[in-house]
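Reviewing the structure listed below.
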Amino acid sequence: MDLKRVGLLGGSFDPIHKAHVALAVAAFEQLQLDQVQLLPAAQPWQRDALGASTQDRLAMAELAAQRHPGLQVNPVEIERGGPTYTIDTVRSLPAGSRYYWILGSDQLHNFCSWNDWQEILEYVELAVAQRPGSPVETPEALQQELSRLQRRLHQIDFLPMDISATQIRERVQRGDNITALVPEEVAQYIDKKRLYLSHPQARPV
1 MDLKRVGLLG GSFDPIHKAH VALAVAAFEQ LQLDQVQLLP AAQPWQRDAL
51 GASTQDRLAM AELAAQRHPG LQVNPVEIER GGPTYTIDTV RSLPAGSRYY
101 WILGSDQLHN FCSWNDWQEI LEYVELAVAQ RPGSPVETPE ALQQELSRLQ
151 RRLHQIDFLP MDISATQIRE RVQRGDNITA LVPEEVAQYI DKKRLYLSHP
201 QARPV
């Protein structure tokens with residue numbers, strides 16, 4: 001019996017935006033996955049403080065996924081709480097599926113700084129997409145470990161989209177329209193909940 005093929009896309013999703021969704025859909029189609037799970041982080045250890053609560057980020061991810069049958073939201077990292085480390089997530093994955101960890105080329109560059117990164121590779125295969133201004137280059141240590149495991153780095157053919165959550169939060173703070181950057185339902189949610197209006201990183205001088 002063939003193993004179920006599951007993509008995993010983690011992130012702060014603060015807020016989730018169209019580039020996240022497009023990447024998840026591209027991975028779903030190109031890697032011939034059965035599903036892609038969006039994994040909102042509880043407390044990303046390599047990121048600044050978050051602008052929206054875990055409940056709001058989870059709700060926005062669910063709204064963004066609802067139009068795409070192949071996308072689902074997995075709240076495991078939020079339910080676990082505390083600082084979010086990928087190794088804890090992959091250790092908790094149910095057996096019986098083949099997992100692909102989806103990441104951008106910028107994350108690939110610092111993958112070897114992740115906690116227990118070698119062990120992560122025992123649970124998942126890596127699938128990378130190019131990010132703006134960040135070519136796909138595999139660190140030497142990672143390349144050696146992939147060779148040892150007889151694994152290859154999967155590349156997702158993805159046209160980089162110059163969208164960032166920081167940019168969106170700043171636009172909200174200024175009162176600018178964000179419907180070109182986030183799914184319509186997410187824009188409506190942000191407006192209804194009045195999110196990011198007092199985000200410290202976007203507060204006007």
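When you line the sequence shown up against our numbering, it's residues 1 to 205, in that order.
A virtual CB, placed ideally from N, CA and C, is assigned to each residue, including glycine.
Output needed for Asp-116: all residues of its chain with C-beta closer than 6 Å, excluding positions within five of it in sequence on either side, in chain order. Here residue 116 corresponds to residue number 116 of the sequence shown, with the count starting at 1. Excluding sequence neighbours, Asp-116 sits near Ile-87.
Spatial distance of Val-128 from Ile-163 (CA atoms): Along the sequence shown, one-based indexing puts residue 128 at 128. Along the sequence shown, one-based indexing puts residue 163 at 163. Computed Cα separation, rounded: 17 Å.
By the three-class DSSP mapping on this structure, what secondary structure does Ile-168 have? By 1-based counting over the sequence shown, the position of residue 168 is 168. In the structure shown, Ile-168 sits in a helix (DSSP, three-state: H, G or I).
What is the C-beta distance between Ala-165 and Ser-53, in whole angstroms, given that I count them as a contact (C-beta under 8 Å)? Stepping through the sequence shown from its first residue, residue 165 is reached at position 165. Stepping through the sequence shown from its first residue, residue 53 is reached at position 53. Incorrect: roughly 15 Å between the Cβ atoms, too far for contact.
Under three-state DSSP, which class holds Trp-114? Mapped onto the sequence shown, residue 114 falls at position 114. Note: Trp-114 maps to coil in three-state DSSP.
How is Glu-212 classed by DSSP in three states: helix, strand or coil? Only positions 1 to 205 of the chain appear in this structure, which leaves residue 212 out of reach.
Element boundaries [alpha helix (DSSP H), containing His-109]: Walking along the sequence shown from the start, residue 109 turns up at place 109. Note, His-109: alpha helix (DSSP H), 105-109.
Which one or two residues does DSSP pair with Gln-43 in a beta bridge? Along the sequence shown, read from residue 1 onward, the residue named residue 43 stands at position 43. Note: Gln-43 sits in a beta bridge opposite Pro-83.
Check whether the stretch 1-10 touches the stretch 20-40, taking contact to mean three or more Cβ pairs, one atom from each stretch, closer than 8 Å. yes
DSSP bridge partner residues for Val-6 (one or two, in chain order): Translated into positions along the sequence shown, residue 6 becomes position 6. DSSP output for Val-6 lists Gln-35, Tyr-99 as bridge partner(s).
Beta-ladder partner(s) of Ile-190, from DSSP: In the sequence shown, the residue the question calls residue 190 occupies position 190. Per DSSP, none; premise fails for Ile-190.
Am I right that His-154 and Tyr-85 are in contact with their C-beta atoms under 8 Å? What's the rounded C-beta distance? Residue numbering aside, residue 154 sits at position 154 when the sequence shown is read from its first letter. Residue numbering aside, residue 85 sits at position 85 when the sequence shown is read from its first letter. Actually they do not touch by this definition, with Cβ atoms about 22 Å apart.
To the nearest angstrom, report how far apart Pro-200 and Arg-194 are at their CA atoms. Here the question's residue 200 lines up with position 200 in the sequence shown. Here the question's residue 194 lines up with position 194 in the sequence shown. Note that Pro-200 scores a pLDDT of 48, beneath 50, so its modelled location is shaky and nothing firm can be said.
Tell me, which residues are paired with Ser-134 by DSSP? As a first step, residue 134 is located in the sequence shown; it is residue number 134 there, counting from the start. DSSP output for Ser-134 lists Arg-131 as bridge partner(s).
Please name the residue, chosen from Ser-97, Pro-15, Gln-43, that lies closest to Arg-57 on a Cα-to-Cα basis. In the sequence shown, counting from the first residue as 1, residue 57 sits at position 57. Here the closest residue by C-alpha is Pro-15.
Considering only their Cβ atoms, is the gap separating Gly-82 from Leu-39 smaller than 7 Å? Along the sequence shown, one-based indexing puts residue 39 at 39. Along the sequence shown, one-based indexing puts residue 82 at 82. Taking 7 Å as the Cβ cut-off, Leu-39 and Gly-82 do not qualify as a contacting pair.
Determine the contact status of Ala-59 and Val-73, defining contact as a CB-CB distance below 7 Å. Counting from 1 along the sequence shown, the entry for residue 59 is found at position 59. Counting from 1 along the sequence shown, the entry for residue 73 is found at position 73. No, the pair does not count as a contact, with Cβ atoms beyond the cut-off.
List the DSSP bridge partners of His-154. For this step, residue 154 is matched to residue 154 along the sequence shown. DSSP output for His-154 lists Ala-127 as bridge partner(s).
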